[in-house]
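Quick notes on the structure that follows.
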Amino acid sequence: MGERKQQSAVSSQQSAVGAYGNTPERKPKATRDEYGEVLLELGEKRSDIVALDADLSCSTKTNKFAKAFPERFFNMGIAEQDMIGTAAGLALTGKIPFASTFAVFETGRAWDQIRLTVCYSNTNVKLVATHGGITVGEDGASHQALEDIALMRALPNMTVIVPADAAETASVIKTITDYKGPVYVRLGRAKVPYIVPDDYQFEIGKALVLHIGKDVNIVAAGIMVSAAKRAAELLSKDGIDAGVINMSTIKPLDGATLLKAAKKSKLIITAEEHSIIGGLGSAVSEFLSENYPVPVKRIGIQDTFGCSGPSDELLKFHGLTAEDIVKTVKTALKK
Amino acid sequence: MNVTTKGKITDVHDLKKLAKKIRLRILHMLTTAGSGHTGGSLSAADVAVAIYFSKMNFDPKNPLWKDRDRFILSKGHAAPLLYAIMGEAGYFPLDTLNLLRKVESPLQGHPCCTSLPGIEVSTGSLGQGLSVANGMALGLRLDNNPARVYCIMGDGEIQEGQVWEAAMTSAHYKIDTLCAVVDNNGLQIDGPVQKIMGIAPLHDKWAAFGWHVIDINGHNMEQILSALDEAERTKGKPTVIIAKTTKGKGVSFFEDKVEYHGVAPSSEEYEKAVKEIHNG
Numbered sequence: 000m001g002e003r004k005q006q007s008a009v010s011s012q013q014s015a016v017g018a019y020g021n022t023p024e025r026k027p028k029a030t031r032d033e034y035g036e037v038l039l040e041l042g043e044k045r046s047d048i049v050a051l052d053a054d055l056s057c058s059t060k061t062n063k064f065a066k067a068f069p070e071r072f073f074n075m076g077i078a079e080q081d082m083i084g085t086a087a088g089l090a091l092t093g094k095i096p097f098a099s100t101f102a103v104f105e106t107g108r109a110w111d112q113i114r115l116t117v118c119y120s121n122t123n124v125k126l127v128a129t130h131g132g133i134t135v136g137e138d139g140a141s142h143q144a145l146e147d148i149a150l151m152r153a154l155p156n157m158t159v160i161v162p163a164d165a166a167e168t169a170s171v172i173k174t175i176t177d178y179k180g181p182v183y184v185r186l187g188r189a190k191v192p193y194i195v196p197d198d199y200q201f202e203i204g205k206a207l208v209l210h211i212g213k214d215v216n217i218v219a220a221g222i223m224v225s226a227a228k229r230a231a232e233l234l235s236k237d238g239i240d241a242g243v244i245n246m247s248t249i250k251p252l253d254g255a256t257l258l259k260a261a262k263k264s265k266l267i268i269t270a271e272e273h274s275i276i277g278g279l280g281s282a283v284s285e286f287l288s289e290n291y292p293v294p295v296k297r298i299g300i301q302d303t304f305g306c307s308g309p310s311d312e313l314l315k316f317h318g319l320t321a322e323d324i325v326k327t328v329k330t331a332l333k334k
Numbered sequence: 000m001n002v003t004t005k006g007k008i009t010d011v012h013d014l015k016k017l018a019k020k021i022r023l024r025i026l027h028m029l030t031t032a033g034s035g036h037t038g039g040s041l042s043a044a045d046v047a048v049a050i051y052f053s054k055m056n057f058d059p060k061n062p063l064w065k066d067r068d069r070f071i072l073s074k075g076h077a078a079p080l081l082y083a084i085m086g087e088a089g090y091f092p093l094d095t096l097n098l099l100r101k102v103e104s105p106l107q108g109h110p111c112c113t114s115l116p117g118i119e120v121s122t123g124s125l126g127q128g129l130s131v132a133n134g135m136a137l138g139l140r141l142d143n144n145p146a147r148v149y150c151i152m153g154d155g156e157i158q159e160g161q162v163w164e165a166a167m168t169s170a171h172y173k174i175d176t177l178c179a180v181v182d183n184n185g186l187q188i189d190g191p192v193q194k195i196m197g198i199a200p201l202h203d204k205w206a207a208f209g210w211h212v213i214d215i216n217g218h219n220m221e222q223i224l225s226a227l228d229e230a231e232r233t234k235g236k237p238t239v240i241i242a243k244t245t246k247g248k249g250v251s252f253f254e255d256k257v258e259y260h261g262v263a264p265s266s267e268e269y270e271k272a273v274k275e276i277h278n279g
């Protein structure tokens with residue numbers, strides 16, 4: 000009875016905001032574009048916000064903040080390690096630094112700097128990286144961060160967030176401004192459809208349940224939430240009740256929601272635009288194996304590097320489409 | 000107990016005496032701990048003592064006082080030096096020094112800012128302090144706070160590429176509230192710096208990066224004080240003091256010995272070393 004209620008809540012939400020959560024007012028939008036606008040808006044309200052970039056402000060969209068508040072913006076040149084240390088220093092004088100560049104450079108090039116001066120020193124630095132995942136597209140593997148979540152998740156004191164759409168991004172950026180401590184936010188290059196409800200308020204460590212399914216639950220993050228949602232729609236046509244959970248905070252993980260889902264469906268699928276090693280799939284598997292062991296199947300990049308190509312083709316190439324999720328679910332359910 | 004109100008120590012003789020005291024404490028801490036970095040703690044002692052006690056405004060009873068000058072020990076392995084100074088300054092009771100390198104001690108093997116109030120940022124992984132110093136100076140500038148930032152690096156440390164990224168930043172943003180020091184003791188763990196990975200010409204390198212460069216004998220207190228004054232007077236660009244020092248300074252059998260980079264004195268060595276410092 001409760002399930003049916005939840006299901007109808009989801010379908011009414013779908014009819015209200017369209018199949019992908021879009022409306023004429025909410026057309027697909029890149030999370031990095033939303034970040035640029037929200038950072039500007041916050042910068043107007045708070046003089047303690049500063050921004051840093053490593054020569055990619057036009058791509059990360061911190062250029063909007065830079066133009067409005069040149070004295071509070073620091074372009075560090077192509078020097079990510081120095082950018083992180085400088086951000087830590089600014090935080091130690093009471094500023095709230097947002098340090099942005101591509102995810103692969105932010106987390107990989109400057110990992111030890113993040114470890115020592117952000118996490119170990121527990122400084123109030125907000126690492127907001129763009130161009131996460133393979134949807135970076137044509138630039139290819141050197142620019143596609145597929146290991147960033149693993150790198151950030153392993154660090155004590157770090158919070159790791161992957162918003163699903165522009166609306167969630169706005170809420171995330173506002174929320175982490177008021178949270179004291181290191182945060183990593185992974186944003187994307189490509190436009191993504193809207194997923195979260197209009198009035199959604201992001202909370203650190205709280206998953207957004209679109210629906211809990213009785214046959215399978217798909218735990219997704221980032222762009223994979225919309226793929227999961229579409230997969231659930233396709234599966235329901237075959238009589239399979241598939242739930243969708245937007246696990247936007249990957250650390251700390253929302254174990255309570257995960258437990259609820261696992262108890263209901265006894266099968267969990269994870270879906271992420273990241274290596275299956277160390278990211279959402281790992282986090283979910285770790286939690287469930289210790290707390291409520293059920294079969295888990297991980298959809299993600301299969302321990303390989305990316306490659307060049309249009310992002311929609313790359314999603315197909317790496318098996319990250321709704322159809323791929325459907326196939327994985329059906330195979331797993333047969334076992 | 001604000002040092003500004005307590006008064007700074009500017010008398011050369013007093014500072015030399017204080018540096019001796021700090022060296023004795025370093026040796027005692029290291030011998031008690033049984034491990035740690037002797038050579039680099041002793042080489043930077045005179046400069047660090049001069050910065051803390053003749054120049055810096057700080058309040059050990061209020062370590063986060065917003066107008067304090069900042070000190071970053073980028074060469075974090077010289078932690079015993081920093082702890083000896085902080086103990087002397089009154090950040091914690093002196094018997095805390097016996098806890099160096101012990102489990103759950105505020106005195107970690109390398110400085111940890113979340114364990115010990117008064118440490119500005121955790122260091123230990125080399126090459127990172129100058130970036131943090133820049134960030135602090137830029138933050139203070141936004142607040143129109145004239146507080147100064149000091150950063151001591153090792154000479155081996157500046158082999159790290161990040162140091163030069165940061166050196167560009169300091170000059171690019173004309174951070175004249177920053178005074179960096181290179182503790183040029185000429186040795187790193189594996190041998191002489193010039194043999195392992197040459198850093199010469201030091202003066203020209205920093206000058207080419209847009210810094211005001213002052214070369215001194217890092218054990219000559221008069222030269223140290225005059226360099227710190229000059230740094231304070233220098234406007235529009237950052238200052239680096241290249242302090243020629245002797246690793247293990249003050250104890251003849253530690254001096255210029257690469258073996259004592261990361262080794263603590265034995266009890267016998269400690270007794271001999273104490274005598275030498277008293278007589279020195």
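Quick mapping for you: the protein sequence lines, in order, are chains A and B.
Per numbering that gives the first Met the number 0, the very first residue in the first sequence carries number 0; after that it's consecutive.
Per numbering that gives the first Met the number 0, the very first residue in the second sequence carries number 0; after that it's consecutive.
Yeah, the Cβ is synthetic: ideal placement off N, Cα and C, and Gly gets one too.
message: Does the segment 169-176 of chain B come into contact with the segment 221-237 of chain B, if we say contact requires no fewer than three beta-carbon pairs (one atom in each stretch) closer than 8 Å?
response: yes
task: Consult DSSP for A:S310 and reduce its assignment to one of helix, strand or coil.
output: helix
- prompt: Between which two residues does the alpha helix (DSSP H) carrying A:R152 extend?
  reply: 147-152
field: Collapsed DSSP secondary structure at A:S7 in the structure displayed
entry: Reliability of the predicted coordinates at A:S7 is poor, the pLDDT of 37 falling under 50, and no value is obtained from them.
- prompt: What is the C-beta distance between A:A206 and A:A270, in whole angstroms, given that I count them as a contact (C-beta under 8 Å)?
  reply: Between A:A270 and A:A206 the Cβ distance is about 14 Å, and since that is not below 8 Å, they are no contact.
- request: Please name the residue, chosen from B:A165, B:K246, B:L81, that lies closest to B:P116 on a Cα-to-Cα basis.
  value: B:L81
- request: Go through its chain and collect everything with a Cβ distance to A:E79's Cβ below 7 Å, but skip five positions before and after it.
  value: A53, T100, F104, E105, R108, A109
- request: State the Cα-Cα distance for the pair A:A146 and A:A230, rounded to the nearest angstrom.
  value: Looking at the sequence shown, residue 146 of chain A is not Ala but Glu. Taking the straight line joining both Cα atoms gives about 25 Å.
task: Give a yes or no on whether 8 Å exceeds the smallest Cβ distance from A:A230 to chain B.
output: no
query: Can you list the beta strand (DSSP E) stretches of 3 or more residues lying completely in the segment 151-199 of chain A, in chain order?
result: 158-160, 182-185
- prompt: Which parts of the segment 51-103 of chain B are runs of the beta strand (DSSP E), unbroken and 3 residues or longer, counting only runs that do not cross its ends?
  reply: 69-72
query: Of all the CB atoms in chain A, is at least one closer than 8 Å to the CB of B:E164?
result: yes
query: From A:S14 to A:K63, what does the alpha carbon distance come to, in whole angstroms?
result: In this prediction, A:S14 scores a pLDDT of 34, lower than 50, which makes its location untrustworthy; the coordinate-derived value is nonetheless stated afterwards. Taking the straight line joining both Cα atoms gives about 35 Å.
- request: Answer with yes or no whether the minimum CB distance from B:V180 to chain A is below 8 Å.
  value: no
message: For a test of the three-state rule: what should DSSP assign to A:N290, helix, strand or coil?
response: helix
message: Once DSSP output is grouped into helix, strand and coil, what is the label at A:S274?
response: strand
message: Please tell me whether B:G132 has its Cβ less than 8 Å away from any Cβ of chain A.
response: Contrary to the premise, residue 132 of chain B reads as Ala rather than Gly in this sequence. Chain A contact via Cβ: present.
- prompt: Sorted by chain position, which residues of the same chain lie with C-beta nearer than 6 Å to A:I239's C-beta, five sequence neighbours on each side aside?
  reply: D214
Residue(s) in a DSSP beta bridge with A:A144: A:G131
task: Would you tell me roughly how many angstroms separate the C-alpha atoms of A:A261 and A:R297, rounded to the nearest one?
output: 15 Å
Chain B contact residues for A:M75, given Cβ-Cβ distances below 7 Å: T168
- prompt: Anyone know if the C-beta pair for A:I83 and A:I48 falls short of 8 Å?
  reply: no
- request: Name, please, each residue of chain A whose Cβ falls closer than 9 Å to the Cβ of B:C112.
  value: L91, Y119, S120, N121, T122
field: Contact with chain B by A:R71, beta-carbon distance below 8 Å
entry: yes
Euclidean distance between Cα positions of A:V16 and A:P27: Because A:V16 sits at a pLDDT of 35, beneath the cut-off of 50, its placement in the model cannot be relied upon, and the following sentence gives the value as read from the coordinates. One C-alpha to the other measures close to 12 Å.
query: Applying a beta-carbon distance threshold of less than 8 Å, which residues of chain A neighbour B:V120?
result: A87, G88, L91, T116, S120, T122
message: Cβ closer than 7 Å: which chain B residues qualify as neighbours of A:A50?
response: Here the premise fails: no neighbours, minimum Cβ distance about 12 Å.
task: Pull up the distance between the alpha-carbon of A:E2 and that of A:L209, whole angstroms please.
output: For A:E2, the predicted structure reports a pLDDT of 38, less than 50, and the residue's modelled location is therefore unreliable. A value from the coordinates is still provided. One C-alpha to the other measures close to 12 Å.
Collapsed DSSP secondary structure at B:Q187 in the structure displayed: strand
field: Segment contact flag, the segment 127-147 of chain B with the segment 83-96 of chain A, C-beta cutoff 8 Å, min 3 pairs
entry: yes
- prompt: Using 8 Å as the limit for Cβ to Cβ distance, is A:A102 near chain B?
  reply: no
- request: Using a cut-off of 7 Å between C-beta atoms, extract the partners of A:G238 located in chain B.
  value: Neighbours of A:G238 on chain B: none; closest Cβ ~54 Å, over 7 Å.
Opposing strand residues paired with B:C150 [DSSP bridges]: B:I71, B:A179
6 Å CB neighbourhood of A:K329 in its chain, flanking five on each side removed: none
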